[in-house]
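*Asks:* If you count by the numbering used here, then the sequence shown holds residues 5 to 383, one letter each, in order.
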Amino acid sequence: MLGCLPLWLASQNGYAVEVAVDGPGKLEIGGAIRAKYQYKDFAQTDKSKLEFADSKLVVNYSSPTWLAYADYRCYRTEELCDLSMLVDAWVGYQLDPVQQVSVGMMPVPFGPAQYWGSTYYEGTAYNLGLEDTHNPGIKYQYKTSANELSLGFYPHDGGNYVGQTNDASRFSANLAQADDPDNGTHIEEKNMLVGRASHRFVQSEELNHTLGVSYWHSTLKNQQNGQSGNRDAWNVFGSSNWNQWNATLVAGQHRLDNKNMQMPDISTFGAFDYSYNLANDYDYYSAELSYHWPESYGKFSNIKPYLNYSAMDKQPKGFATSQRLISGIGFNYGPMGIFAEYMIGKNDAMVGDDASSYAQGRQDADWKKLLYISIGYYF
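Here it is as structure tokens:
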């Protein structure tokens, strides 16, 4: 969130500097400098603001047998680079044309892909720690034109980096130590086993479908009392492509036992220097419809409008549902990558509500509105 670039746009920029290396391999060094404009309908002050968002450095190496990738980010919350973190740093070995083993900090194979949609801001699944999550570990992948199987083991989460909070200076939304211990938890996640399997059905040159399932199991250590719990999540997903149209659906469940007698129904997560509480048990949904324009118009290319909806339906009874609806468009203008998104959220901590909105929330919560525009120069 607030720093991703969906692969459909990132892969088309192509402005990275290629560095000469011996042998058949290719080394590329690239990055981005990005600004953001926000109009917060819900804000009492500073409704409208244009400011520096972040910069990133990316190193990518590929050869017939070896792969490597690293991504480091520098953000601005109040001052330049007062929040910075490692996103990826992994090495992969190609066993054969369809099998690969990777070791290091990498995206966790949960849900339909690293990104569940086309949005820059991402849906609520990111804030739940299910989408675009990066942890250190080892992953095996088997991938053909029709089938994919990914299995990963991650001994601990992605870690806390440079920032202003106790434990929330993270790119990924992980279980974290609450900044306010009286109103949050301190749970550590370990030994994550994550797997994804999918099959692609090709009906014609214009029409294909993908169906799949993924599962996440981990052990938890309650740092306040020393007891151990567990976290389990699963989902089923489907995607259909018809010419330039795409529709993607995800539905799943999440169950977490935090072994906390004082707060058995909520746990604290953190990301981007912000800690917040989540309901332990919920069902979650994500749906998107998008269209990828095939033509370019001068320097304008990769034009893609989309509509994205995500929600979490919580337990126990009385916890209010959290929802986010994003209508947006992304495109390239030469080396520039631009996203414009208008979103409305209810019980959404990232769209105007408080840090408990993903937990208890409020049944009488209003819809909050946010306009978010990202303008990035990619090199």
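The beta carbon of each residue, even a glycine, is placed where N, CA and C say it ideally should be.
Buried or exposed: which applies to Gln1, given that a residue is buried once 16 or more other Cβ atoms fall within 10 Å of its Cβ?
*Replies:* Outside the modelled stretch of the chain, which goes from 5 to 383, sits residue 1, for which no answer is possible.
*Asks:* Pairing CB atoms from the region 336-349 with CB atoms from the region 114-129, are three or more of them under 8 Å?
*Replies:* Verdict: yes, contact present.
*Asks:* Using a 10 Å radius around the Cβ and a threshold of 16 neighbouring Cβ atoms, would you call Arg259 buried or exposed?
*Replies:* So Arg259 ends up on the exposed side.
*Asks:* Measure the Cβ-Cβ separation of Lys373 and Phe46 and say whether it is below 8 Å.
*Replies:* Yes, the Cβ-Cβ distance between Lys373 and Phe46 is below 8 Å.
*Asks:* Compute the Euclidean distance between the alpha carbons of Ser173 and Lys147, then round it to the nearest angstrom.
*Replies:* Distance between the alpha carbons of Ser173 and Lys147: 34 Å.
*Asks:* Tell me which same chain residues have a C-beta within less than 6 Å of the C-beta of His190, skipping the five on either side of it?
*Replies:* So the qualifying residues of the chain are Gln181, Gln227 and Gln228.
*Asks:* If contact is defined by three or more beta carbon pairs under 8 Å, each pair taking one atom from either stretch, is the region 206-218 in contact with the region 273-293?
*Replies:* Segments in contact, no.
*Asks:* Should Gln327 be labelled buried (16 or more other beta-carbon atoms within 10 Å of its own) or exposed?
*Replies:* Classification of Gln327: buried, given that the 10 Å Cβ count is 16 or more.
*Asks:* Applying the criterion that 16 or more other CB atoms from any shown protein chain within 10 Å of the CB defines a buried residue, is Trp246 buried or exposed?
*Replies:* Looking at its Cβ environment, which holds fewer than 16 other Cβ atoms inside 10 Å, Trp246 is exposed.
*Asks:* Should Lys303 be labelled buried (16 or more other beta-carbon atoms within 10 Å of its own) or exposed?
*Replies:* Exposed: under 16 other Cβ atoms inside 10 Å.
*Asks:* Work out the CA separation of Gly332 and Asn306 for me, nearest whole Å.
*Replies:* Spanning the two alpha carbons is a distance of roughly 14 Å.
*Asks:* When DSSP labels each residue in this structure, what does Ala129 get in the three-state scheme?
*Replies:* Reduced to three states, the DSSP call for Ala129 is helix.
*Asks:* Going by DSSP in three states, Pro159 sits in which element: helix, strand or coil?
*Replies:* In the structure shown, Pro159 sits in a strand (DSSP, three-state: E or B).
*Asks:* Per DSSP, what kind of secondary structure is Pro309 in: helix, strand or coil?
*Replies:* Strand, per DSSP.
*Asks:* For Pro268, which three-state DSSP category applies?
*Replies:* Coil.
*Asks:* Since Ile105 is in the beta strand (DSSP E), which residue starts that stretch and which ends it?
*Replies:* Checking the displayed sequence, the identity of residue 105 turns out to be Val instead of Ile. Residues Gln103 to Pro111.
*Asks:* For the beta strand (DSSP E) containing Phe241, name the first residue and the last one.
*Replies:* Counting along the chain, the beta strand (DSSP E) containing Phe241 begins and ends at Ser232 to Trp246.
*Asks:* Going by the DSSP bridge assignment, what does Tyr362 pair with across the sheet?
*Replies:* In the DSSP output, where bridge partners are listed per residue, Tyr362 has none listed.
*Asks:* Of the choices Ser300, Gly349 and His221, whose alpha-carbon is the least far from that of Gly338?
*Replies:* The shortest Cα separation from Gly338 among Ser300, Gly349 and His221 belongs to Ser300.
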